[in-house]
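Written out below as structure tokens is the structure these notes cover.
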Amino acid sequence: MKKDLLHLGELSREDFRMLMDRALEMKARRRLGIVDRPFAGKVMGMVFDKASTRTRVSFESAWARLGGHPMFLSTGATQMSRSEPVKDTARVLSRYIDVLVIRTYAQDLIEEFAKWSSIPVINALSDRFHPCQILSDLLTVVELKGGFDKLKDLKFAWVGDGNNVAQSWINAAGVLGFSLMLACPEGYDPDGDVLALAEERSPGRVKVVRSPEEAMAGADVVYTDVWASMGQEEEQKKRENDFKGFCVDEARMKLAAKDALVLHCLPAHRGEEITDGVMESHPELWDQAENKMHMHAALLDCLVNK
Ligand code: CP
Ligand code: NVA
Numbered sequence: 005m006k007k008d009l010l011h012l013g014e015l016s017r018e019d020f021r022m023l024m025d026r027a028l029e030m031k032a033r034r035r036l037g038i039v040d041r042p043f044a045g046k047v048m049g050m051v052f053d054k055a056s057t058r059t060r061v062s063f064e065s066a067w068a069r070l071g072g073h074p075m076f077l078s079t080g081a082t083q084m085s086r087s088e089p090v091k092d093t094a095r096v097l098s099r100y101i102d103v104l105v106i107r108t109y110a111q112d113l114i115e116e117f118a119k120w121s122s123i124p125v126i127n128a129l130s131d132r133f134h135p136c137q138i139l140s141d142l143l144t145v146v147e148l149k150g151g152f153d154k155l156k157d158l159k160f161a162w163v164g165d166g167n168n169v170a171q172s173w174i175n176a177a178g179v180l181g182f183s184l185m186l187a188c189p190e191g192y193d194p195d196g197d198v199l200a201l202a203e204e205r206s207p208g209r210v211k212v213v214r215s216p217e218e219a220m221a222g223a224d225v226v227y228t229d230v231w232a233s234m235g236q237e238e239e240q241k242k243r244e245n246d247f248k249g250f251c252v253d254e255a256r257m258k259l260a261a262k263d264a265l266v267l268h269c270l271p272a273h274r275g276e277e278i279t280d281g282v283m284e285s286h287p288e289l290w291d292q293a294e295n296k297m298h299m300h301a302a303l304l305d306c307l308v309n310k
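Numbering of the sequence shown is given in our numbering, commencing with residue 5 and proceeding in unit increments.
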């Protein structure tokens, strides 16, 4: 049976551990200059309906450096833009390529691709989830906070919109059982079914509050993201108003643990969800971005070569 990565709720604790271990191993080999070619002779297709710098480049780079050929398929240049049904496109692409990475709006579209494809399908962001992001973010936390088994003892704070990135964090907290407090303004809570699944798996570990200060108090990891995600550009002004007081700034950072990590999936809007000063004093943000490449290599290896 082929395996997909559609959201993190479908992974087990052991899946997370295996991906972290594999990513650390692949990163170390790359640091030593060892050239591995696990994807030689294979093709990765990429369908991106939304902008991307990090996810696209890190997937392409990981695949190419490990011997594979990446093929970027912009929707407008394929028959998908002329309404070819997903079930036809998916079955045809499955005959040509070895794995498909998709970034789009509707989670259902990615799930439909997965249903009709005979190759692994990877969710590279939908309006609902961003699973690859949280896998690589956890890799950064594992590296900087003492290993995989320490995760369950850490306190994670989310400040901002209960969006796709937040919902993947909630999925991960449900499986791994770490403490996650999300500060969201009223009207911007994560979806109830996502919260309910985490509550069922790890009761009492995920909480939604209204105060960034409450979420950040004593936090080991502080995470934020843009107030208006891709596709919500016309809500920017309203959101700037609704998210007042939800900035990760120097004063609020004093509430977090002294050695707290600051993470952001990027791109960041300095002066909105985070200040320039906080960003420039947390270099782990760049390790976080780098780790997307190592985690994508591990994920592709686990899905394509196993
Ligand atoms: N973090 C992230 O997914 O960045 P991109 O939108 O640049 O891919
Ligand atoms: N929540 C953001 C994440 C970007 C990586 C968005 O969906 O635009």
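For every residue, glycine included, the Cβ atom is placed at its ideal position computed from N, Cα and C.
For residue i, the residue or residues it bridges with in DSSP
i      : result
Ala66  : In DSSP, Ala66 forms no bridge with anything.
Gly49  : Met75, Leu104
Arg274 : Ile278
Trp162 : Leu186, Tyr227
Lys211 : Met185
Val266 : Val226
Leu9   : Ile126
Val252 : Ile278
Cα-Cα separation, residue i to residue j
i      : j      : result
Phe20  : Asp246 : 35 Å
Asn94  : Thr57  : With the sequence shown as reference, residue 94 is identified as Ala, and Asn is not the correct amino acid for it. Roughly 25 Å separates the two Cα atoms.
Gln171 : Gln83  : 32 Å
Met50  : Pro74  : 8 Å
Tyr100 : Ser65  : 20 Å
Ser62  : Leu201 : 30 Å
Trp231 : Glu244 : 7 Å
Leu289 : Leu158 : 18 Å
Val308 : Gly222 : 40 Å
Ala110 : Ser85  : 15 Å
Met185 : Ser78  : 37 Å
Ile38  : Glu217 : 46 Å
Cys306 : Ala118 : 17 Å
Ser206 : Ala302 : 26 Å
Lys242 : Val96  : 43 Å
Gly208 : Val125 : 32 Å
Val266 : Val252 : 9 Å
Option in the options with minimal Cα separation from residue i
i      : options                        : result
Gly191 : Arg214, Asp102, Ala202, Arg205 : Arg214
Leu15  : Thr79, Leu28, Tyr109, Pro135   : Pro135
Lys248 : Ala261, Asp165, Phe152         : Asp165
Ala32  : Asp224, Glu147, Lys156, Ser62  : Glu147
Lys6   : Leu104, Met24, Asp25           : Leu104
His300 : Glu18, Leu267, Glu29, Pro194   : Glu29
Leu180 : Val169, Phe152, Leu186         : Phe152
Ala177 : Asp193, Pro124, Val198, Pro189 : Val198
Asn295 : Ala264, Leu143, Pro189         : Leu143
Gly235 : Arg17, Ala55, Val169           : Ala55
Pro194 : Phe133, Arg205, Ser206         : Phe133
Lys149 : Leu270, Ile278, Asp263, Arg17  : Asp263
Thr228 : Arg209, Asn167, Met48          : Asn167
Glu237 : Gly208, His273, Phe250, Pro216 : His273
Lys131 : Leu113, Ser121, Val125         : The sequence shown places Asp at residue 131, rather than the Lys named in the question. If we check each option's Cα against that of Asp131, Leu113 comes out closest.
Trp120 : Gly37, Lys91, Lys242, Ala68    : Lys91
Met283 : Gly13, Ala261, Val145, Glu254  : Glu254
Phe76  : Met48, Ser98, Ser87            : Met48
Arg60  : Ser98, Glu239, Leu129, Gly13   : Leu129
Residue j beta carbon less than 8 Å from that of residue i
i      : j      : result
Leu70  : Pro42  : yes
Arg107 : Asp53  : yes
Leu10  : Asn127 : yes
Asp8   : Lys46  : no
Met257 : Ala161 : no
Ala187 : Val163 : yes
Leu304 : Leu139 : no
Val1   : Glu203 : It is not possible to answer for residue 1, since the shown part of the chain is limited to 5 through 310.
Cys269 : Val169 : yes
Buried or exposed (CB count within 10 angstroms, at least 16 for buried), residue i
i      : result
Gln292 : buried
Pro287 : exposed
Gly275 : exposed
Arg17  : exposed
Ala44  : exposed
Ala68  : exposed
Ala81  : exposed
Leu36  : exposed
Ser335 : With the chain running from 5 to 310 in the structure shown, residue 335 is simply not present.
Gly72  : buried
Short CB-CB distance (under 8 Å) between residue i and chain C
i      : result
Leu201 : The structure shown contains no chain C, having only a single protein chain.
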